[in-house]
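With my numbering applied, the sequence shown covers 1264 to 1498. For every residue, glycine included, the Cβ atom is placed at its ideal position computed from N, Cα and C.
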Amino acid sequence: MSRWVVVLSAGLMSFSTNADSVWRPIATHATMLAMVLFINLVFLGGLYVLSIIKGKRHRAILETQVQEAQVDFLTQVLNRRGFERRIADKRQLQGYILIVDIDDFKRINDKHGHHAGDVVLQNVAARLKEALREEDMIARFGGEEFVIYAALQNKQSAEELSRRLVTSISADKYQLPGVDEPLSVTISVGVASVLDSLNVSDVTTRKGVLSRAFKIADSNLYKAKRLGKNQSVMN
């Protein structure tokens, strides 16, 4: 009996030794494989986080570029494209279009140079913005011409706004670089109503209403010029 016990014990020890020699490499490989998988997961996770960060930065850059494409570089108000896009985004147009033109601007450029003209444009844009409400829109359409959309409810409010704009520009003189004497600057303003309640999907009607308002405002602007400038005209 004791002999069988010894033989059985020896067999078990031999099996244990053989099993250990077989499974130890497997366990080692499994551990290494787990480590490799863990490292790969960490690496892929890092790439995923970086891709999210890069995507957010890319979107931020695109948004900045879109914004810059809609802003006049010199005056930092909207340009024509930005103005038209903001108008298109409005569900309803109930207000007034004001076309603002700096009086005798060509003479300023010819006499004092284009740099002085740029300073005048910047100052005029800043003063116009100060005279407007936050919800009003102002854009430089080119040269010395600015366009404003103000969501006002009646003609009296539009007339008060246009007079305030004229006064805000002429109230103080402008000190220009390289010019000894401060310069007086004035504007003329043409005003027209846009009081139609329009559905945002009715693009053709909206364009027609805006086109008509711009023509009326432009005609009133030239009336203001003919009447002596430094004033506003509204039908």
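Own chain partners of residue i with C-beta closer than 8 Å, once the 5 adjacent residues on each side are dropped
| i | result |
| --- | --- |
| Arg1348 | Gln1333 |
| Gln1494 | Val1429, Ser1451, Val1452 and Ala1487 |
| Gly1406 | Phe1368 |
| Asp1399 | Ile1411, Tyr1412, Ala1413 and Ala1414 |
Those residues which DSSP pairs with residue i across a bridge
| i | result |
| --- | --- |
| Glu1408 | Asp1364 and Gly1405 |
| Ala1499 | The structure shown does not extend to residue 1499, since the chain spans only 1264 to 1498, so no value can be given for it. |
| Val1472 | Val1472 pairs with nothing; no bridge assigned. |
| Val1334 | Leu1341 |
Residue i vs residue j beta-carbon contact at 8 Å
| i | j | result |
| --- | --- | --- |
| Ser1456 | Tyr1359 | yes |
| Val1452 | Ala1388 | no |
| Ile1401 | Leu1391 | yes |
| Val1357 | Leu1458 | According to the sequence provided, residue 1357 is Gln. The question's Val does not apply to it. Cβ atoms of Gln1357 and Leu1458: closer than 8 Å. |
Integer Cβ distance of residue i from residue j, believed to fall under 8 Å
| i | j | result |
| --- | --- | --- |
| Asn1483 | Val1472 | Going by Cβ atoms, the distance from Asn1483 to Val1472 rounds to 17 Å, so no, they are not a contact pair. |
| Val1454 | Ala1434 | Actually they are not in contact, since the Cβ atoms of Val1454 and Ala1434 sit about 20 Å apart, beyond 8 Å. |
| His1378 | Pro1440 | 7 Å |
| Leu1361 | Ser1425 | 6 Å |
Simplified DSSP state of residue i, which is helix, strand or coil
| i | result |
| --- | --- |
| Ser1495 | strand |
| Gly1358 | strand |
| Leu1446 | strand |
| Ala1414 | coil |
| Ala1480 | helix |
| Leu1341 | strand |
| Ala1434 | coil |
| Arg1426 | helix |
Neighbourhood of residue i by C-beta distance below 7 Å, restricted to the same chain and skipping five residues each side
| i | result |
| --- | --- |
| Tyr1437 | Val1383, Asn1386, Pro1445, Leu1446 and Val1448 |
| Lys1492 | Asp1366, Thr1449 and Ser1451 |
Contacting residues, own chain, Cβ-Cβ under 6 Å from residue i (five flanking each side not counted)
| i | result |
| --- | --- |
| Asn1372 | Gly1380 |
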